[in-house]
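Undergrad: Below you will find the structure I want to go over with you.
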Amino acid sequence: MTSLMLFCIDEEAKAFVPTVLTTKISVKSPAPIYSLVQSNARPTHKEEFKQETDPIEPFETDFMGSSVQDCRDWTLENQKAVNFLMTDLIAIVDA
514 MTSLMLFCID
524 EEAKAFVPTV
534 LTTKISVKSP
544 APIYSLVQSN
554 ARPTHKEEFK
564 QETDPIEPFE
574 TDFMGSSVQD
584 CRDWTLENQK
594 AVNFLMTDLI
604 AIVDA
């Protein structure tokens, strides 16, 4: 199943990421819809993306301070390399 790539580009917005990652499409479909992109390296496995984070435990991301266009460019460059990235649609957490 593909998931929507979630980028966090602002330090203040990091606190909202755990809540966003718990969002589900419906109660009947408990599969997560977001996958947190933490590295700007080309992904090879879906397991490289977090689908949940501990609200207390900090996480790192290469996209801190990136622009929306940087996130779009990463997605366009990498979405066809693997079959688990939702194409042409991303989510961004920003303050």
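When we follow the working numbering, the leftmost residue of the sequence shown carries the number 514, and every step to the right adds one. Using N, Cα and C, we set each Cβ at its ideal position, and we do this for glycine too. Values in this document were obtained by computation on a predicted structure and should not be read as measured data.
Beta-carbon separation of isoleucine 603 and leucine 517 under 8 Å?
TA: Contact flag set, yes.
Undergrad: Rounded to a whole number of angstroms, what is the C-alpha to C-alpha distance between proline 543 and glutamine 564?
TA: Taking the straight line from one Cα to the other gives about 12 Å.
Undergrad: What does a CB cutoff of less than 6 Å around lysine 559 pick up in its chain, not counting 5 residues either side in sequence?
TA: For lysine 559, where only same-chain residues beyond five positions count, the Cβ hits under 6 Å are Phe597.
Undergrad: Just list the alpha helix (DSSP H) runs in the stretch 524 to 575, keeping only unbroken ones of 4 residues or longer that don't cross its boundaries, in chain order.
TA: DSSP runs (the alpha helix (DSSP H)) wholly in the stretch 524 to 575: 530 to 534.
Undergrad: If we count the other Cβ atoms within 10 Å of its Cβ and call it buried at 16 or more, is glutamine 582 buried or exposed?
TA: It is exposed - the Cβ of glutamine 582 has fewer than 16 other Cβ atoms within 10 Å.
Undergrad: Hey, quick one: how far does the beta strand (DSSP E) through aspartate 601 stretch, first residue to last?
TA: Start and end: 598 to 606.
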